[in-house]
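Trainee: The listed protein sequences correspond, in order, to chains A, B and C.
Quick note: the first sequence uses the numbering used here, first residue 28, plus one each step.
Quick note: the second sequence uses the numbering used here, first residue 28, plus one each step.
Quick note: the third sequence uses the numbering used here, first residue 28, plus one each step.
Just so it is clear, CB atoms sit at the ideal spot from N, CA and C, and this is done for glycine as well.
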Amino acid sequence: MFNTIHVFRVKPGQELLDSITSYCAESGITSGVIIGIIGSLETAKLSFLKALPGKYQSVDYSGPLEIVCAQGSVALKDNAPIIHIHIQLSTPEISCGGHLARATVFSTAEVTIGELDHQLMRQSDDYTGLNELVD
Amino acid sequence: MFNTIHVFRVKPGQELLDSITSYCAESGITSGVIIGIIGSLETAKLSFLKALPGKYQSVDYSGPLEIVCAQGSVALKDNAPIIHIHIQLSTPEISCGGHLARATVFSTAEVTIGELDHQLMRQSDDYTGLNELVD
Amino acid sequence: MFNTIHVFRVKPGQELLDSITSYCAESGITSGVIIGIIGSLETAKLSFLKALPGKYQSVDYSGPLEIVCAQGSVALKDNAPIIHIHIQLSTPEISCGGHLARATVFSTAEVTIGELDHQLMRQSDDYTGLNELVD
Numbered sequence: 028m029f030n031t032i033h034v035f036r037v038k039p040g041q042e043l044l045d046s047i048t049s050y051c052a053e054s055g056i057t058s059g060v061i062i063g064i065i066g067s068l069e070t071a072k073l074s075f076l077k078a079l080p081g082k083y084q085s086v087d088y089s090g091p092l093e094i095v096c097a098q099g100s101v102a103l104k105d106n107a108p109i110i111h112i113h114i115q116l117s118t119p120e121i122s123c124g125g126h127l128a129r130a131t132v133f134s135t136a137e138v139t140i141g142e143l144d145h146q147l148m149r150q151s152d153d154y155t156g157l158n159e160l161v162d
Numbered sequence: 028m029f030n031t032i033h034v035f036r037v038k039p040g041q042e043l044l045d046s047i048t049s050y051c052a053e054s055g056i057t058s059g060v061i062i063g064i065i066g067s068l069e070t071a072k073l074s075f076l077k078a079l080p081g082k083y084q085s086v087d088y089s090g091p092l093e094i095v096c097a098q099g100s101v102a103l104k105d106n107a108p109i110i111h112i113h114i115q116l117s118t119p120e121i122s123c124g125g126h127l128a129r130a131t132v133f134s135t136a137e138v139t140i141g142e143l144d145h146q147l148m149r150q151s152d153d154y155t156g157l158n159e160l161v162d
Numbered sequence: 028m029f030n031t032i033h034v035f036r037v038k039p040g041q042e043l044l045d046s047i048t049s050y051c052a053e054s055g056i057t058s059g060v061i062i063g064i065i066g067s068l069e070t071a072k073l074s075f076l077k078a079l080p081g082k083y084q085s086v087d088y089s090g091p092l093e094i095v096c097a098q099g100s101v102a103l104k105d106n107a108p109i110i111h112i113h114i115q116l117s118t119p120e121i122s123c124g125g126h127l128a129r130a131t132v133f134s135t136a137e138v139t140i141g142e143l144d145h146q147l148m149r150q151s152d153d154y155t156g157l158n159e160l161v162d
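1. Just to confirm the assignment, what range does the beta strand (DSSP E) spanning Y83(B) have?
2. Examine the ligand SAM and report whether any of its heavy atoms sits within less than 8 Å of the Cβ of D45(B).
3. Can you give me, in chain order, the residues of the stretch 137 to 161 of chain A that have a beta carbon less than 7 Å from any beta carbon in chain B?
4. Taking only beta-carbon positions, decide if A97(C) is within less than 9 Å of chain A.
5. Please confirm whether A130(C) and A52(C) have their CB atoms less than 9 Å apart.
6. Should Q98(C) go down as buried or exposed, given a rule of 16 or more other Cβ atoms within 10 Å for buried?
7. Below 8 Å on the Cβ atoms is my contact criterion, and I expect S67(B) with E93(B) to pass it. Report the Cβ-Cβ distance as a whole number of Å.
8. Is the Cβ-Cβ distance between G63(B) and V138(C) less than 9 Å?
9. Given S89(A), which residues of its chain have a CB within under 7 Å of its CB, disregarding the five upstream and five downstream residues?
10. Which whole-angstrom value describes the C-beta separation of I156(A) and G81(A), a residue pair presumed to lie in contact below a C-beta threshold of 8 Å?
11. State yes or no: is the beta carbon of A78(A) nearer than 9 Å to at least one beta carbon in chain C?
12. Assign Q115(A) to one of two classes, buried (16 or more other C-beta atoms within 10 Å of its C-beta) or exposed (fewer than that).
13. Start and end of the alpha helix (DSSP H) containing S151(B)?
14. Taking N30(C) as the reference, which of G40(C), R36(C), I56(C) and D45(C) has the closest Cα?
15. Report buried or exposed for G124(A), applying the criterion of at least 16 other Cβ atoms within 10 angstroms of its Cβ.
16. Which residues does DSSP pair with L143(A) in a beta bridge?
17. I want to see whether chain B comes within less than 9 Å of F35(C), judged by CB atoms only; does it?
18. Could you compute how far the alpha carbon of G189(A) sits from the alpha carbon of L73(B)?
19. Where do the N-terminal and C-terminal ends of the beta strand (DSSP E) with I242(A) fall, by residue?
20. D152(B): buried (16+ other C-beta within 10 angstroms of its C-beta) or exposed?
21. Give the straight-line distance between the Cα atoms of C96(A) and N158(A), rounded to the nearest whole angstrom.
22. Could you list which residues in chain A have their beta carbon closer than 9 Å to that of F133(B), in chain order?
23. Give me the Cβ distance between Q150(C) and V161(C), rounded to the nearest whole Å; I'm assuming they're in contact under 8 Å.
24. Can you tell me the Cα-Cα spacing of I110(B) and A128(B), whole angstroms?
25. Could you list which residues in chain B have their beta carbon closer than 7 Å to that of S89(C), in chain order?
26. Check the DSSP bridge columns for G124(B) and list the partner residues they point to.
27. Rounded to a whole number of angstroms, what is the C-alpha to C-alpha distance between M148(A) and Y50(A)?
28. Give the range of the alpha helix (DSSP H) segment to which I47(C) is assigned.
29. In the DSSP assignment, find the unbroken beta strand (DSSP E) run with K38(B) in it and report its ends.
30. With H, G and I counted as helix, E and B as strand and the rest as coil, what does DSSP make of L76(C)?
31. Could you name the residues of the same chain whose beta carbon sits closer than 6 Å to that of Q84(C), not counting the 5 residues immediately before and after it, in chain order?
32. Just reading off the beta strand (DSSP E) that L160(C) is part of, what are its end residues?
33. With distances taken from CA atoms, which of L143(A), T48(A) and I121(A) is nearest P108(A)?
34. When the Cα of S58(C) is compared with those of K38(C), P119(C) and I32(C), which residue comes out closest?
Pasting the structure below:
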């Protein structure tokens, strides 16, 4: 189950992934589900997996961009937290989404994290070249 | 934690945001997370933040449109509930998403709300010109 | 509430919907919320509701495609489980989403399911021609 549901705001000008990482560190969250993020961004860098093992292409977007939604997790690999988030963005003209590499908040980012009662773990995977969830 | 998970259907022809607002009023939900919505819409009006403070542009879409996903929250501002939802829609040709302003259900909308064990609050923010989550 | 939160990985080459169906069968999940899915796909078939009752159009996509997000539910109809998922996909050039008909995993699919403390039920609906959630 979710022991605790954390709902918090990331403020204008802050880097989204760094802010979530800091929040998790301060709150002692090492295992959780990113249930959702909505808000808006000034800029974003998304990554797209193109080939295995682990070949990514990155694309930069500049806003204002709506954060339509986001999902992901907080897990440990060798005792270090890995926060993995995919995010969907939009303008009236553009719809785009992918792996969240970097993003600067425009008006707000409203983040919901469900803290788990069991530990999620990642380990490196030779086939994908990525840190994959362990069963 | 989530005290209660509400999963309910909004029926054809109903206005989505009004229906969720009514459901929350009838069920006494004043603090919660919109975990998800899927289904389809006849029409939708989405808003996009263009500039601060609080300048939005709205766009109308007509369907049938799939509701791919949605996220958001139920919070109180001055004792009145504010339901804030971002939603992603699609047709075979179009992908669009943004702040949900209005929408009429086509076949169904399957809504999941997690009711929180603590009260989410909003207050007006001079910088963004919007009602922002309070820490 | 959510009795249990299941977070698990679907591996490369596996069919996503079949894998989730198998996981639910093995874990005895008959009522739940698909809280999220992220990862990447090799191929996907999405469906779009075009007219009522129940007229769908299907579109095939080939990847690699990011799984940006997904939402849905596990419910029973006549004692048989129905898993209903909508999913958002992307490449640097394409953003698409709809009803998940079929998909083959590329690198991984990280699935989060919240098992419910009450039974979700579906029944066929003459107006929509689909299996709709029962109140």
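Mentor: Let's see:
1. Position 56 of the second sequence, counted from the first residue, corresponds to residue 83(B). Start and end: K82 to K104.
2. What this structure holds is no ligand at all, so the ligand SAM is not there to describe.
3. E137 and T139
4. By one-based count along the third sequence, residue 97(C) stands at place 70. A97(C) counts as touching chain A.
5. Position 103 of the third sequence, counting from 1, holds the residue named residue 130(C). Position 25 of the third sequence, counting from 1, holds the residue named residue 52(C). No, Cβ-Cβ distance for A130(C) and A52(C) is not below 9 Å.
6. The count along the third sequence starts at 1 and reaches residue 98(C) at position 71. Here Q98(C) is buried: its Cβ has 16 or more other Cβ atoms, across all protein chains shown, within 10 Å.
7. As a first step, residue 67(B) is located in the second sequence; it is residue number 40 there, counting from the start. As a first step, residue 93(B) is located in the second sequence; it is residue number 66 there, counting from the start. Going by Cβ atoms, the distance from S67(B) to E93(B) rounds to 6 Å, so yes, they are a contact pair.
8. Counting from one through the second sequence, the residue named residue 63(B) turns up at place 36. Counting from one through the third sequence, the residue named residue 138(C) turns up at place 111. Going by C-beta atoms, G63(B) is not nearer than 9 Å to V138(C).
9. Looking up residue 89(A) in the first sequence gives position 62. Contacts found: T70.
10. Reading the first sequence from its first residue, position 129 is the one you call residue 156(A). Reading the first sequence from its first residue, position 54 is the one you call residue 81(A). It should be pointed out that residue 156(A) corresponds to Gly in this sequence rather than to Ile. About 3 Å; that satisfies the 8 Å criterion.
11. Walking along the first sequence from the start, residue 78(A) turns up at place 51. Answer yes: the Cβ-Cβ gap between A78(A) and chain C drops below 9 Å somewhere.
12. Translated into the one-based positions of the first sequence, residue 115(A) becomes position 88. Classification for Q115(A): buried.
13. In the second sequence, residue 151(B) corresponds to position 124, counting from 1. Run containing S151(B): none in the alpha helix (DSSP H); it sits in the beta strand (DSSP E), R149 to S151.
14. Taking the third sequence and counting its residues from 1, one reaches residue 30(C) at position 3. Of G40(C), R36(C), I56(C) and D45(C), the residue nearest in Cα terms is I56(C).
15. Taking the first sequence and counting its residues from 1, the one referred to as residue 124(A) is at position 97. Per the 10 Å Cβ criterion, buried.
16. On the first sequence, residue 143(A) is found 116 positions in, with the first residue counted as 1. L143(A) pairs with F29(A).
17. Residue numbering aside, residue 35(C) sits at position 8 when the third sequence is read from its first letter. It does not: the Cβ of F35(C) has no partner Cβ on chain B nearer than 9 Å.
18. As displayed, chain A neither begins before 28 nor continues past 162, which places residue 189(A) out of reach and without an answer.
19. Residue coverage of chain A in this structure runs from 28 to 162, which leaves residue 242(A) outside it and unanswerable.
20. Working through the second sequence from its first residue, we reach residue 152(B) at position 125. Looking at its Cβ environment, which holds 16 or more other Cβ atoms inside 10 Å, D152(B) is buried.
21. Working through the first sequence from its first residue, we reach residue 96(A) at position 69. Working through the first sequence from its first residue, we reach residue 158(A) at position 131. Computed Cα separation, rounded: 23 Å.
22. Within the second sequence, the letter at position 106 stands for residue 133(B). Ordered by position in chain A, no residue passes the 9 Å Cβ test against F133(B), which lies about 20 Å from the chain.
23. Stepping through the third sequence from its first residue, residue 150(C) is reached at position 123. Stepping through the third sequence from its first residue, residue 161(C) is reached at position 134. About 5 Å separates the CB atoms of Q150(C) and V161(C); that is less than 8 Å, so the two are in contact.
24. Against the second sequence, residue 110(B) aligns to sequence position 83. Against the second sequence, residue 128(B) aligns to sequence position 101. Going by the C-alpha atoms only, they are around 11 Å apart.
25. Locating residue 89(C) in the third sequence gives position 62, where the first residue counts as 1. Think of a sphere of 7 Å around the beta carbon of S89(C): no beta carbon from chain B falls inside it, the nearest being about 15 Å out.
26. To locate residue 124(B), count along the second sequence from 1; it is residue 97. DSSP output for G124(B) lists Q115(B) as bridge partner(s).
27. The residue labelled residue 148(A) in the question sits at position 121 within the first sequence. The residue labelled residue 50(A) in the question sits at position 23 within the first sequence. Each residue's alpha carbon lies about 19 Å from the other.
28. Along the third sequence, read from residue 1 onward, the residue named residue 47(C) stands at position 20. L43 to S54 is the span of the alpha helix (DSSP H), which, as asked, contains I47(C).
29. Counting from one through the second sequence, the residue named residue 38(B) turns up at place 11. That residue, K38(B), is in no beta strand (DSSP E); it is neither H nor E in DSSP.
30. Residue numbering aside, residue 76(C) sits at position 49 when the third sequence is read from its first letter. It is a strand residue.
31. Counted from its first residue, the third sequence places residue 84(C) at position 57. Result list for Q84(C): F75 and K77, in chain order.
32. Translated into positions along the third sequence, residue 160(C) becomes position 133. First-last of the beta strand (DSSP E) with L160(C): N158 to L160.
33. The residue labelled residue 108(A) in the question sits at position 81 within the first sequence. Here the closest residue by C-alpha is T48(A).
34. Numbered from 1 along the third sequence, position 31 holds the residue referred to as residue 58(C). Of the candidates K38(C), P119(C) and I32(C), the one whose C-alpha sits nearest the C-alpha of S58(C) is I32(C).
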